[in-house]
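Protein sequence lines, in the order shown, are assigned to chains B and E.
The working numbering applies: residue 1 is where the first sequence begins, and numbers increase by one.
The working numbering applies: residue 234 is where the second sequence begins, and numbers increase by one.
Where is the CB? At the ideal position from N, CA and C, for every residue including glycine.
Number of protein chains: 2
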Amino acid sequence: MSEPPLSPALGRFIGQMPFAMREAVEAAGTLIRYRNGATIQQRGDRKPGLSIVVEGAVRMSAMDSEGERSTYILMRPGDCFGEMTLFLDIPRTLDAVAVGETAIREVSRERFTRLLDAQPALRDHLLASLARQLSLSLEQLDDQRRLSATVRLAKTLVGLAEPDGEGHVARGSQTELAEAIATSRVTAGKALSELVQEGLVETAYRAVRIPHLGALKNWVAARSFLTPVIKRD
Amino acid sequence: MSEPPLSPALGRFIGQMPFAMREAVEAAGTLIRYRNGATIQQRGDRKPGLSIVVEGAVRMSAMDSEGERSTYILMRPGDCFGEMTLFLDIPRTLDAVAVGETAIREVSRERFTRLLDAQPALRDHLLASLARQLSLSLEQLDDQRRLSATVRLAKTLVGLAEPDGEGHVARGSQTELAEAIATSRVTAGKALSELVQEGLVETAYRAVRIPHLGALKNWVAARSFLTPVIKRD
DNA sequence: GCTCAAATGCTAACTTCTTTGCAGTTGGTT
DNA sequence: AACCAACTGCAAAGAAGTTAGCATTTGAGC
Numbered sequence: 001m002s003e004p005p006l007s008p009a010l011g012r013f014i015g016q017m018p019f020a021m022r023e024a025v026e027a028a029g030t031l032i033r034y035r036n037g038a039t040i041q042q043r044g045d046r047k048p049g050l051s052i053v054v055e056g057a058v059r060m061s062a063m064d065s066e067g068e069r070s071t072y073i074l075m076r077p078g079d080c081f082g083e084m085t086l087f088l089d090i091p092r093t094l095d096a097v098a099v100g101e102t103a104i105r106e107v108s109r110e111r112f113t114r115l116l117d118a119q120p121a122l123r124d125h126l127l128a129s130l131a132r133q134l135s136l137s138l139e140q141l142d143d144q145r146r147l148s149a150t151v152r153l154a155k156t157l158v159g160l161a162e163p164d165g166e167g168h169v170a171r172g173s174q175t176e177l178a179e180a181i182a183t184s185r186v187t188a189g190k191a192l193s194e195l196v197q198e199g200l201v202e203t204a205y206r207a208v209r210i211p212h213l214g215a216l217k218n219w220v221a222a223r224s225f226l227t228p229v230i231k232r233d
Numbered sequence: 234m235s236e237p238p239l240s241p242a243l244g245r246f247i248g249q250m251p252f253a254m255r256e257a258v259e260a261a262g263t264l265i266r267y268r269n270g271a272t273i274q275q276r277g278d279r280k281p282g283l284s285i286v287v288e289g290a291v292r293m294s295a296m297d298s299e300g301e302r303s304t305y306i307l308m309r310p311g312d313c314f315g316e317m318t319l320f321l322d323i324p325r326t327l328d329a330v331a332v333g334e335t336a337i338r339e340v341s342r343e344r345f346t347r348l349l350d351a352q353p354a355l356r357d358h359l360l361a362s363l364a365r366q367l368s369l370s371l372e373q374l375d376d377q378r379r380l381s382a383t384v385r386l387a388k389t390l391v392g393l394a395e396p397d398g399e400g401h402v403a404r405g406s407q408t409e410l411a412e413a414i415a416t417s418r419v420t421a422g423k424a425l426s427e428l429v430q431e432g433l434v435e436t437a438y439r440a441v442r443i444p445h446l447g448a449l450k451n452w453v454a455a456r457s458f459l460t461p462v463i464k465r466d
């Protein structure tokens, strides 16, 4: 079966770099550690620069004036965010919160600019990274427009799945899952029980067990109407 | 009043280029003309390259397997699309259809690569363009998640508005407007009549008249919960 | 200036999602 | 070991959006 672009993880920025470039980027950045739940950045922060996840994970989300939060993405080690603030004079667009003990490498715009001179190939790397993020973001928009809450949830679960014993798990409360697909907790709960009915997942406390990840992937693929476009490594 | 990023138009690619760069890009491309309604590209086309709108307009949209079409954006002269196919090995993501007599400048990936060597500054230009598109795409996703159909429609109307006599007009059938905000025609019609009730717009045949664009912008701004982030020229 | 396909405006039944509220469960903390 | 805050699961009312259908209006093309 072909691997559809299910993971919402953008980036894969560091992973595909040649060794020397990676060294240079790492040397240019400051490593900062965050506790579980700590705020890494807030929407509106004016700190142009690139942030690379080294350890742990980062939940990118936004909250509207009515206190409704919605999550956009979970960044994993090797992913990066903030590229946009390097080239545009804009503040940070999303809130970023550490999930688990997390380490972030921060490269300021100044240092990054110098880095670009030393490593011209980095520009192309960044271009590819932005292009991929744009492509994934358009796909996400598409999903939001066309797919039912249940399919969106299933797709999100595939993206969050981690190996666990025989099968996989996606960790997070139902409220968090609801935020990830931009619905209410009730709808997320219903969607989840539909997937349980189908025998695709089992619910647990702050977790969803996925006995056969492949089956879930197939189920999602059969319901994602547009042909997937990006191949994921 | 501050100018919120209401226009869904991405790009502004050519407009901000230094003259020499612009000349070089134009020299590298082939100009192709399309009739109103002609297909410029289809989702899945494998033609890596950059397409720049020179004259007319282009509607970017996608259709799912059930024949439901949704429009993503209307590209105007100076905007460009296809950047992603330059750096990623992916097919074209969206269908593109000419709106009115339209001219497109196509630059193949090969020619563009050579162009990058001759005009290194073009890379930064492209980085900024991708960054802006990503930022706008994230905003669009946000709107889709949080805003009601009525506000989304109003925002779209502001983006489509063209000067017309005293005020402005947004041209397009209600079906097309519905596709632009990803709802049914009925909902689009209801949303439209709400805006009429508010005295913000007047309906017409294949057009919506906007007597006071500023008033509509204010109305939208008051209902867009997240602080706008990108300034639009 | 007539014709007709396309577009608008409306209604009604139905589905989906949200909000509110509550009862029962879970697992970290004292 | 007991407590309690957080989480799950469920129900009911209502809001929002969808589909289907029909009568009327519009304007482009003959």
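With 16 or more other CB atoms across the displayed protein chains lying within 10 angstroms of its CB, aspartate 328 of chain E is buried. Taking a beta-carbon distance threshold of 8 Å, phenylalanine 320 of chain E counts as an interface residue toward chain B. Cβ atoms of alanine 290 of chain E and methionine 308 of chain E come within 8 Å of each other, at about 6 Å.
Beta bridge pairing from DSSP links glutamine 274 of chain E with E/Ala329. Annotated three-state conformation of serine 224 of chain B is coil, per DSSP.
Contact annotation for glutamine 274 of chain E against chain B: no contact, minimum CB-CB distance about 13 Å [criterion: below 7 Å]. With fewer than 16 other Cβ atoms inside 10 Å of its own Cβ, proline 163 of chain B counts as exposed. A residue is called buried once 16 or more other Cβ atoms fall within 10 Å of its Cβ, and glycine 277 of chain E, having fewer, is exposed. For arginine 266 of chain E, the CB contacts under 6 Å within the same chain, skipping 5 residues up- and downstream, are Ala336 in chain order. Counting only unbroken stretches of 3 or more residues, the beta strand (DSSP E) elements lying wholly within the stretch 327-383 of chain E are 328-341, in sequence order. Here glycine 405 of chain E really is in contact with leucine 393 of chain E; their C-beta atoms are around 7 Å apart, less than 8 Å. Against chain E, the CB of glutamine 144 of chain B has a partner CB under 8 Å away; the residue lies at that interface. Between glycine 315 of chain E and glycine 282 of chain E, the C-beta spacing is below 8 Å.
Within the stretch 416-450 of chain E, not one residue has a Cβ closer than 7 Å to any Cβ of chain B. Burial of leucine 141 of chain B is indicated by the presence of at least 16 other C-beta atoms within 10 angstroms of its C-beta. By the 16-neighbour rule on beta-carbons within 10 angstroms, lysine 217 of chain B is buried. Checking the DSSP bridge columns, you'll see serine 51 of chain B partnered with B/Phe81 and B/Glu106. Along the stretch 149-181 of chain B, there is no position whose C-beta sits under 8 Å from a C-beta of chain E. A straight line joining the alpha-carbon of proline 120 of chain B with that of proline 211 of chain B spans about 45 Å. About 5 Å separates the CB atoms of alanine 403 of chain E and leucine 390 of chain E; that is less than 8 Å, so the two are in contact. Rounded to whole angstroms, the separation of the alpha carbons of valine 97 of chain B and serine 224 of chain B is 30 Å.
With a threshold of 8 Å between beta carbons, threonine 93 of chain B makes contact with chain E.
Look at glutamate 110 of chain B: its C-beta is not under 8 Å from any C-beta on chain E. Around alanine 221 of chain B, no beta-carbon contact reaches into chain E at under 8 Å, the shortest distance being about 12 Å.
Taking C-alpha positions only, isoleucine 306 of chain E is separated from glycine 165 of chain B by approximately 45 Å.
Leucine 348 of chain E and glutamate 259 of chain E have their C-alpha atoms some 11 Å from each other. At least one CB of chain B lies nearer than 8 Å to the CB of isoleucine 323 of chain E. Here the alpha carbon of serine 341 of chain E sits roughly 24 Å from the alpha carbon of serine 137 of chain B. Around arginine 123 of chain B, the beta-carbon contacts reaching into chain E at under 8 Å are Arg356, Asp357 and Leu360.
C-alpha of arginine 146 of chain B to C-alpha of alanine 118 of chain B: approximately 44 Å in a straight line. The bridge partners DSSP lists for proline 163 of chain B are B/His168.
With a contact defined as Cβ atoms closer than 8 Å, valine 54 of chain B and leucine 31 of chain B qualify at about 7 Å. From the beta-carbon of arginine 365 of chain E, the residues of chain B found nearer than 7 Å are Leu88. For glutamate 198 of chain B, no beta strand (DSSP E) segment is defined, and its DSSP state is neither H nor E.
Among the CB atoms of chain E, one or more fall inside 8 Å of the CB of methionine 84 of chain B.
Non-local C-beta neighbours of threonine 408 of chain E in its own chain, meaning closer than 6 Å and more than five positions away in sequence, comprise Arg418, ordered along the chain.
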